[in-house]
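Asker:
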Amino acid sequence: MKILILGGDGMLGHQLFLNLKKNHVVFTTLRQDTAAYKHYQLFDHHNSYFKIDVCRESDIKRVIDDVQPQVIINAVGIVKQRDSAKEFIPSLEINALFPHRLARLCEEYKIRMIHFSTDCVFSGRQGKYTENDPSDAEDLYGKSKHLGELYDKHCVTIRSSIIGLELARKTGLIEWFLAQRGIIKGFRRAIYSGLTTQEMNRVIECILIQYPDLYGVWHVSSEFINKYELLMRLAKKLGRNDIEIQPDDKFICDRSLIGAAFKKATGYQAPSWDMMLDELAHQIKQRNELNISREIPCNY
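0 is the number of the first residue of the sequence shown in the working numbering; add one for each residue after it.
The following block contains the structure:
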């Protein structure tokens, strides 16, 4: 299958690129020129399109015309941790409007599209959200991501959350945790139901290969775990004796998703958190063993 990934340098985008190219012909788009990515040893002119502005339709059309993909995976987005997530115009352009513009192009070119939403379309006051629950996000990020969700028959929108290693920005939970020493807080009343990026890879490949007619918005989730327990388990697997995670019950947020509809449609059952964290810990150790600093990532 010929696949085009938009945003190949993001947390999920680069993992999709690494894994899907094992069984498929995969291309990706990147925001900067070749020099910015040289040390990753992932991207070159044979598999990547550099300096692509997704807000410029001519850029996207040029890449589509050249690649002629069967599937486009939109891994572009302004994530909550970035300062620009608080800026109205870029948030609406990238998170809300661009997915619909891309979906229109995909319909025109007869291309299937996979798009990623987030559990942050919900406020976290209720928990155990289904696809039938109305979005009640109060922040710009959650509202913009909700506006970008797609229900077209050639589009699949995945509502979930991911944790994993990153390339450049280091804004997510795992990279933050790896950089910590001493005492940190672990939120026992922050409930999580996402996946590792490696597991999300498997979900996407399953959808691509086994469910070509699947469309609409779907919750993809794991067993519920609180952030304190998640970090405690990962710390143990990594042998992090240099860190003390203190439980904190003051912060309360439950954005847990119910994935029953997706399971009924596909049979998908997420692995246990011990299995997913074992795999993540192995990936972290592998990166460390290669003696590559977190400022200069590699093809791990």
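Glycine included, C-beta positions come from ideal geometry on N, C-alpha and C.
Quick check: what's the CA-CA separation for residue 128 versus residue 217?
Answerer: Distance between the alpha carbons of residue 128 and residue 217: 11 Å.
Asker: Smallest Cα separation from residue 66: which of 196, 1 and 238?
Answerer: Comparing Cα-Cα distances from residue 66 to each of 196, 1 and 238, the minimum goes to 1.
Asker: Which residue wins for smallest C-alpha separation from residue 260, given the options 100, 50, 28 and 131?
Answerer: Closest by alpha carbon: 131.
Asker: Of all the beta strand (DSSP E) runs that stay within the bounds of the segment 127 to 201, which reach a length of 3 or more residues?
Answerer: Fully enclosed beta strand (DSSP E) runs of 3 or longer: 154 to 158, 181 to 186 and 189 to 191.
Asker: Hey, would you say residue 195 sits closer than 7 Å to residue 275, going by beta carbons?
Answerer: In contact: residue 195 and residue 275 (Cβ atoms closer than 7 Å).
Asker: In whole angstroms, give me the CA-to-CA distance for residue 28 and residue 227.
Answerer: Between residue 28 and residue 227, the C-alpha separation is close to 36 Å.
Asker: Does the count of Cβ pairs from the segment 146 to 156 and the segment 179 to 192 closer than 8 Å reach three?
Answerer: As far as the Cβ criterion goes, the segment 146 to 156 does not touch the segment 179 to 192, which means the pair count is below three.
Asker: What would DSSP say about residue 244, mapped onto helix, strand or coil?
Answerer: Residue 244 falls in the strand class under three-state DSSP.
Asker: Write down the C-beta distance between residue 144 and residue 117 rounded to the nearest angstrom, noting that I regard them as a contact closer than 8 Å.
Answerer: With 8 Å as the limit, residue 144 and residue 117 qualify as a contact, their Cβ atoms being about 5 Å apart.
Asker: At the level of alpha carbons, what is the spacing between residue 152 and residue 165?
Answerer: Approximately 32 Å between the Cα atoms of the pair.
Asker: Counting only runs that start and end within the segment 41 to 104, where is the alpha helix (DSSP H) found for 4 or more residues in a row?
Answerer: 56 to 66 and 87 to 90, all fully within the segment 41 to 104.
Asker: Using 7 Å as the threshold, is the C-beta distance between residue 89 and residue 3 below it?
Answerer: No, these two residues do not count as a Cβ contact at 7 Å.
Asker: Would residue 251 pass as a contact of residue 168 if the rule is Cβ separation under 7 Å?
Answerer: Not closer than 7 Å, so no.
Asker: Please return the same chain residues whose Cβ sits closer than 7 Å to the Cβ of residue 98, not counting the five positions on each side in sequence.
Answerer: Counting only Cβ-Cβ distances below 7 Å, and skipping sequence neighbours, we find 73, 114, 147 and 149.
Asker: Hey, quick one: how far does the alpha helix (DSSP H) through residue 283 stretch, first residue to last?
Answerer: Element bounds for residue 283: 272 to 288.
Asker: State yes or no: is the C-beta of residue 161 within less than 7 Å of the C-beta of residue 199?
Answerer: For residue 161 and residue 199, yes; Cβs fall inside 7 Å.
Asker: Per DSSP, residue 253 forms a beta bridge with which residues?
Answerer: 190, per the DSSP bridge assignment.
Asker: Taking all protein chains shown into account, do 16 or more other C-beta atoms lie within 10 angstroms of the C-beta of residue 14, making it buried, or fewer, making it exposed?
Answerer: Counting Cβ neighbours within 10 Å, residue 14 comes out buried, since at least 16 surround it.
Asker: Just checking my contact of residue 253 with residue 123 at CB under 8 Å: how many whole Å lie between their CB atoms?
Answerer: 5 Å between Cβ atoms; contact.
Asker: For residue 352, which residues in the same chain have their Cβ closer than 7 Å to its Cβ, ignoring the five residues on either side in sequence?
Answerer: Beyond the ends of the chain as shown, which are 0 and 299, falls residue 352; an answer cannot be given.
Asker: Quick one: residues in its chain with C-beta nearer than 8 Å to the C-beta of residue 270, no 5 flanking neighbours on either side, listed in chain order?
Answerer: Cβ neighbours of residue 270 beyond the five flanking positions: 198 and 221.
Asker: Quick check on residue 232: does DSSP put it in helix, strand or coil?
Answerer: Helix, per DSSP.
Asker: Check for me: the beta strand (DSSP E) holding residue 112 runs from which residue to which?
Answerer: Counting along the chain, the beta strand (DSSP E) containing residue 112 begins and ends at 111 to 115.
Asker: Enumerate in chain order the residues of its own chain whose CB-to-CB distance from residue 32 is below 7 Å, with the five nearest sequence positions on each side excluded.
Answerer: Closer than 7 Å at the Cβ level, and outside the excluded window around residue 32, lie 49 and 50.
Asker: At the level of alpha carbons, what is the spacing between residue 154 and residue 236?
Answerer: So the alpha carbons of these two residues sit roughly 38 Å apart.
Asker: Could you say which of 41, 34, 210 and 288 lies nearest to residue 20 if we only look at CA atoms?
Answerer: The shortest Cα separation from residue 20 among 41, 34, 210 and 288 belongs to 41.
Asker: Shortest alpha-carbon distance to residue 232 belongs to which of 219, 277 and 268?
Answerer: Answer by Cα proximity: 277.
Asker: Go through its chain and collect everything with a Cβ distance to residue 268's Cβ below 8 Å, but skip five positions before and after it.
Answerer: These residues qualify, in order along the chain: 262.
Asker: Would you kindly work out how many angstroms separate the C-alpha atoms of residue 255 and residue 95, rounded to a whole number?
Answerer: Using only the alpha carbons, I get a separation of about 23 Å.
Asker: Given a cut-off of 7 Å on the beta-carbon distance, is the pair residue 223 and residue 190 in contact?
Answerer: Contact: yes.
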